[in-house]
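In numbering that gives the first Met the number 0, the protein residues as written are 0 to 133. For every residue, glycine included, the Cβ atom is placed at its ideal position computed from N, Cα and C. Keep in mind the model is a prediction, meaning the values are calculated, not measured. Reading through the structure tokens given below for one structure.
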Amino acid sequence: MRFAPPARKGRLWINVTSLIDVMFLLLIFFLVSSTFKHQPAIKLELPRVGGSASVDDRAPTVYLTRDGQLYLDDQAVDAPELSRRLRQRLAAGGDQRVILRVDAHVEFEPAARIFALLQQAGYQALNISVRREQ
Numbered sequence: 000m001r002f003a004p005p006a007r008k009g010r011l012w013i014n015v016t017s018l019i020d021v022m023f024l025l026l027i028f029f030l031v032s033s034t035f036k037h038q039p040a041i042k043l044e045l046p047r048v049g050g051s052a053s054v055d056d057r058a059p060t061v062y063l064t065r066d067g068q069l070y071l072d073d074q075a076v077d078a079p080e081l082s083r084r085l086r087q088r089l090a091a092g093g094d095q096r097v098i099l100r101v102d103a104h105v106e107f108e109p110a111a112r113i114f115a116l117l118q119q120a121g122y123q124a125l126n127i128s129v130r131r132e133q
């Protein structure tokens, strides 16, 4: 009669193949179920407003920060440069609407100047970005 050899003490064998498979499946799940949206590095705190609607963000986006800095699609510009670039886009057959994202702490006067600049550039529709109240 043959008996099994005595087990070695102090040595534990863990098969991690199934653990690696599970981790790989979780990684794939999170990659597939995640949505990736380009968020610019411009720091803004948008005002909170109830009853807002979503808009398509393919139109040019103008940012006005708390310190008065202007950005056009993630590029810092001054007011004359902003007007020139927007007119070029409109002349090239671009959309006649623009998205405006203004920091919540900006007073109305600088924002009103941007409104006038957009109107002078020939844009017919203005979408103002806000955060929904919760």
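Cα atoms of ALA58 and LEU18: separation of roughly 46 Å, rounded to the nearest angstrom. With a cut-off of 8 Å on Cβ pairs, the segment 102–120 is in contact with the segment 63–79, counting three or more such pairs. Beta-bridge analysis with DSSP links VAL97 to LEU125. Checking the DSSP bridge columns, you'll see ALA75 partnered with TYR70. The criterion of a C-beta distance shorter than 9 Å is not satisfied by LEU99 and LEU81. In the structure shown, the three-state DSSP call for THR16 is helix. DSSP, read as helix, strand or coil, puts LEU26 in helix. Note that the C-beta distance between ALA120 and LEU85 is below 9 Å.
Straight across, the Cα-Cα distance linking GLN87 with GLY93 is about 9 Å. Inter-residue distance for LEU89 and ARG83 is about 10 Å (C-alpha atoms, whole angstroms). When rounded, the separation of the alpha-carbon atoms in PHE23 and GLN95 is 46 Å. Each residue's CA atom was taken as its position, placing ILE127 and PRO109 some 14 Å apart.
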